[in-house]
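One line per chain: the protein sequences are C and U, in this order.
If you want this note's numbering, it's the position in the first sequence, counting the first as 1, plus 73.
If you want this note's numbering, it's the position in the second sequence, counting the first as 1, plus 113.
The structure under discussion appears below in the form of structure tokens.
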Amino acid sequence: MIGLSVFGDLLHGFGTVLDPMNLLWAILGVTLGMLVGILPGIGPALTIALLLPITFNFSDPIGAFILFAGIYYGAMYGGSTTSILINTPGESASVATAIEGHKMALKGRARAALATAAIGSFVAGTISTVLLTFVAKPIGSLASHFQATDYFAITLLAMVAVTALVGHSLVRGLLSLVVGLFIGLIGLDSLSGAPRYTFGTLRLLDGIDVVIVIVGLFAIGETLHVASKLRSTPERPAVLEKGRLRTGYLNKSDWGRSWKPWLRGTALGFPFGAIPSGGAEVPTFLSYSIERRQARKKGRDEFGDGAIEGVAGPEAANNASFSGVLVPLLTLGLPTSATAAVMLAAFQIFNVQPGPQLFEDQSTLVWTLIASLYIGNLILLIMNLPLIQIWVQVLKVPRPLLYAGILVFACLGVYSLSGSGYEVLMALVIGVAGFFMRKLDFPIAPVILGVILGPTMEEQFRRALVISNGDASVFVTRPLSAVIIVLTVLALFVPYLPRIVARIRGTRPTRDRLTFGEDD
Amino acid sequence: MSRPRTVLVAAGLAVSLLVSGCSALEKTLDGGSVAGDFPSRNVEIMVPAAPGGGWDLTARQFQHVVQEKKLLGERAVSVVNVTGAGGAVGISKLVTKNRKDPHTLMITGLVMVGALTLNQSQITVSDTTPIATLTAEQEVLVVKSDSPLKSLKDLVELYEADPSKVSWGGGTIGGTDHITAGTLVKAAGADPSKVKYISYSGGGEATAAILSGDVTVGISGLSEFEEQITAGKMRVLATSGTEPVTLNGKQLPTMKSEGYDAEVQNWRAIVAPPDVPAADRQRLIDFVTKVNQSPEWAEIRKKNGWTDFFKTGDDATRFIAEETTRVQALEKELRIL
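Below, the structure is given as structure tokens:
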């Protein structure tokens, strides 16, 4: 009767979370989180770490965890707002949203973009919380079976699968990716301790934080770009399309085009959150690629010009990944993201040891936390839908004021990361690079992908080789790795198959290939 | 003025304001170095790492005790994080910009000694004015519960037979975990340069690597593995301190009790900038002693699983110097220098 006991526990959890004080913590948490998500540079990990000492005075750790979970969730919701409206994602999990979301806003469809993000986040958040409720234990134990070779294979697959991010020109896209991989190399090599591309300065030993790259390329780069072409563009983006709160600001066709991406995004986000070195970024990029492919198959290629699927999918994915992150955190005590690591520290301070025994030892805490996720999701949806009316007003702010404000917040955000002006200068330099990338039509997202995936891929590859004493066959002798690598090879070549077959037959190859290249 | 120029001017202004604002802020934070009565102004504790880690927790809980007990009277304590290069950025700021100023303190520890050595830094922890060592955490060597290695002896014998068969998983390269591996191998009379060390970021990643059987043996602070040990998923081969630890009513073996003359404590200390006047140094020692003796601090130690490792003044200075020499020699033998 496992099912029944889960319901009983969950009901008990709801009882605790509906206590007025706990409800207040939930509301405070999601509101704070939303703000944190909106501000570039300041992420949920930093916020929780800074709030941690305040919670030492809490008599009951439950309130603290409701607060922290709310912050994490709220940040995932909030991140999409700035991505869509002003093309400046607040953190890495919202980068994929910016690609189509901002295009939608430029076309006057900001309300629909914000709505599909909010509703998608709610759907994904709720489904993944249900999954967390019922399958936490079996999924959790999976995470402890992955070895370095498997991680390498997964990052390889992710790298190959997200080629859609490359954009219009394959050469430009790959060059952007290489720039990202290079930035990822900077700093102390974790396996040998050797400094790479640090030019003898201490400041570069830790590498360049991905947040600095994001803020520089997006917020600062976008500001410079807007400033440079202000004379030649209309004063304001297209007239805002009308929408009604009653229909959730989405018209019938929007609903029809959004629900499948929401579900697919959830299906990607949850498992990726649950595996170590998965996190929230990779599933958002994957979701973007899959939605683009699906849209092409149906012959509806609005991608690159504001496709709603490109917002619905990634936003669902980043929210679903949070519940995924909680799986190994609660069942194994394994943090798989920076925020989870800070939450683990918080658990330990309150003398709660996450791990195999947690569900038995701290049943009330766990189930209240899970119940708070359901409630937090609902609060966020209720808060966010009406807020759309207010957010879209941002588009009416005169651009000089708006972008000067963005610049200030971007610099403050970066400064808050390290407390030094050096990082701010670094972000500004990257921002200038971002400006020229825009000017010369280089896509930005592959840079972020390179910075995030590159170091993981290299690290896992080398770990696997060190452990095997340099024997490269480990990547194919372990069944799990071998299967993933075969999938990777398939993902790489299947799109070209029609051409290859055609060539063998001696006929002229058609231009109809499934991949995205030069003339997409 | 036309529109685009307004934007550019506004943007330019914002940037210049911000940059000058940042540098102005840094100046006020650094303060002038006044040799006077401590505390003549508010005290700042610098954490040379990001919020959330062990140093940060030490500093913030230290701050909490000082505020609760009003140990500095009217004066407040603030905590500032200066991140970078395992603490190298923080210490270089303390040593170069805060000379003689008793109002800027910094949290440090064995991890920083390891990182500075690895970075071949000109500055060492001994360049500061050590006030006191505060706490220590035991390291623990574990294997997955189905591992054929039953004792520390088994591990050492396997290593002696073929070092390439043992992969050691732990935190940052040159950090406490790596030092523990090196210290053990050296005490066993084997060659430390053959240690196959796999570094992971944070305990979580290392835990996953041990449970998945990726590495032969895992090393970390006891608190990182405690839950897995209790759940029977990991087996303890030894802890690294002198005093044996009791976990779940069972006394854990130490490296010493297993017959290897090795000891590693992940200690943390609080230091002041160089050349702090002797009178101020004594006042700082008295102040930190008061914190250490408070029941609140004892409670915090217990909560975090830290042992009391209190040495002050010259004792602390001597201890830090010894640790620095030891780590430098060891990192050479581990062939990471």
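The beta carbon of each residue, even a glycine, is placed where N, CA and C say it ideally should be.
All values reported here derive from a predicted model rather than from experimental measurement.
Pairwise C-alpha distance: residue j and residue i
i                   : j                   : result
aspartate 279/C     : aspartate 327/C     : 44 angstroms
valine 147/U        : glutamate 157/U     : Unreliable placement is indicated for valine 147/U, whose pLDDT of 44 sits below 50; no coordinate value is reported for it.
alanine 183/C       : glycine 174/C       : 8 angstroms
serine 191/U        : threonine 120/C     : 17 angstroms
leucine 84/C        : phenylalanine 207/C : 14 angstroms
tryptophan 440/C    : glycine 342/C       : 22 angstroms
isoleucine 413/U    : serine 445/C        : 29 angstroms
alanine 385/C       : isoleucine 111/C    : 18 angstroms
glutamate 409/U     : valine 178/U        : 6 angstroms
serine 436/C        : aspartate 82/C      : 8 angstroms
alanine 189/U       : proline 390/U       : 21 angstroms
isoleucine 293/C    : leucine 336/C       : 34 angstroms
serine 396/C        : valine 103/C        : 15 angstroms
leucine 498/C       : isoleucine 281/C    : 12 angstroms
isoleucine 573/C    : valine 562/C        : 15 angstroms
glutamate 364/C     : lysine 469/C        : 31 angstroms
alanine 392/U       : arginine 276/C      : 35 angstroms
phenylalanine 475/C : leucine 303/C       : Residue identity differs from the one stated: residue 475/C is leucine in this sequence, not phenylalanine. So the two alpha carbons sit approximately 13 angstroms from each other.
phenylalanine 175/U : threonine 355/U     : 26 angstroms
isoleucine 558/C    : serine 336/U        : 36 angstroms
leucine 324/U       : arginine 369/C      : 42 angstroms
Element boundaries [beta strand (DSSP E), containing residue i]
i                : result
methionine 368/U : Methionine 368/U -> no beta strand (DSSP E), and no H or E assigned at all.
asparagine 194/U : 190 to 194
glutamine 533/C  : Where glutamine 533/C is concerned, there is no enclosing beta strand (DSSP E), although the alpha helix (DSSP H) it sits in stretches over 518 to 540.
asparagine 379/U : 378 to 385
valine 160/U     : 156 to 160
tyrosine 310/U   : 309 to 312
glycine 282/U    : 280 to 283
leucine 290/C    : Note, leucine 290/C: premise wrong, no beta strand (DSSP E); not H, not E.
leucine 218/U    : 217 to 222
Element boundaries [alpha helix (DSSP H), containing residue i]
i                : result
leucine 248/C    : 243 to 258
isoleucine 332/U : Here isoleucine 332/U belongs to no alpha helix (DSSP H); instead the beta strand (DSSP E) covers 330 to 334.
glycine 372/C    : Careful: glycine 372/C lies outside any alpha helix (DSSP H) and carries neither H nor E.
serine 167/C     : Taken as a continuous stretch (DSSP letters only), serine 167/C belongs to no alpha helix (DSSP H), as it is neither H nor E.
glycine 151/C    : 134 to 159
leucine 268/U    : 265 to 274
threonine 409/C  : No alpha helix (DSSP H) contains threonine 409/C, which DSSP labels as neither H nor E.
threonine 104/C  : 93 to 111
Of the listed residues the options, nearest to residue i (C-alpha basis)
i                : options                                   : result
valine 196/C     : Gly260/C, Ser331/C and Val562/C           : Ser331/C
glutamine 378/U  : Glu412/U, Asp290/U and Lys445/U           : Asp290/U
alanine 321/U    : Phe338/U, Ser306/U and Tyr310/U           : Phe338/U
tyrosine 495/C   : Thr242/U, Gly197/U and Met368/U           : Gly197/U
aspartate 388/U  : Thr217/U, Leu443/U and Glu318/U           : Thr217/U
arginine 511/C   : Gly289/C, Leu108/C and His298/C           : His298/C
methionine 219/U : Val238/U, Gln364/U and Glu376/U           : Val238/U
serine 153/C     : Lys180/C, Ala118/C, Gly136/C and Gly193/C : Gly193/C
proline 366/U    : Gly287/U, Lys263/U and Ala294/U           : Lys263/U
asparagine 211/U : Glu435/U, Arg431/U, Leu350/U and Pro386/U : Pro386/U
valine 286/C     : Leu254/C, Ser78/C and Gly428/C            : Leu254/C
alanine 148/C    : Pro93/C, Phe131/C and Gly106/C            : Gly106/C
glycine 406/C    : Lys210/C, Gly88/C and Glu532/C            : Lys210/C
isoleucine 249/U : Phe422/U, Val195/U and Thr437/U           : The sequence as given places alanine at residue 249/U; isoleucine does not occur at that position. Comparing Cα-Cα distances from alanine 249/U to each of Phe422/U, Val195/U and Thr437/U, the minimum goes to Phe422/U.
valine 298/U     : Gly283/U, Thr437/U and Leu265/U           : Leu265/U
proline 261/U    : Val349/U, Leu185/U and Gln180/U           : Val349/U
Chain-ordered chain B contacts of residue i [CB-CB under 7 angstroms]
i              : result
arginine 536/C : Judged by its chain identifiers, the structure shown contains no chain B, and its protein chains are C and U.
One or two residues paired with residue i in a DSSP bridge
i               : result
serine 254/U    : In the sequence under discussion, the amino acid at residue 254/U is leucine, which differs from the serine named in the question. Answer is Ile332/U and Ala351/U, bridged to leucine 254/U.
arginine 269/C  : Gly260/C
leucine 84/C    : In the DSSP output, where bridge partners are listed per residue, leucine 84/C has none listed.
glutamine 364/U : Thr359/U
threonine 289/U : None, per the DSSP bridge assignment.
alanine 249/U   : Trp380/U and Thr420/U
Beta-carbon separation (whole angstroms), residue i vs residue j, contact threshold 8 angstroms
i               : j                : result
glutamate 388/C : glycine 449/C    : Glutamate 388/C to glycine 449/C, Cβ: 16 angstroms. No contact.
serine 594/C    : glycine 352/C    : Outside the shown range of chain C, which is 74 to 593, sits residue 594/C, and nothing can be said about it.
valine 520/C    : leucine 290/C    : 6 angstroms
alanine 245/U   : lysine 424/U     : 7 angstroms
serine 489/C    : isoleucine 159/C : In fact, because the Cβ distance is near 20 angstroms, the residues do not count as touching under 8 angstroms.
leucine 403/C   : leucine 417/C    : Going by Cβ atoms, the distance from leucine 403/C to leucine 417/C rounds to 10 angstroms, so no, they are not a contact pair.
Check: residue i C-beta below 6 angstroms from any heavy atom of the ligand GTP
i            : result
valine 401/U : Annotation note on the ligand GTP: not contained in the displayed structure, which lists no ligands.
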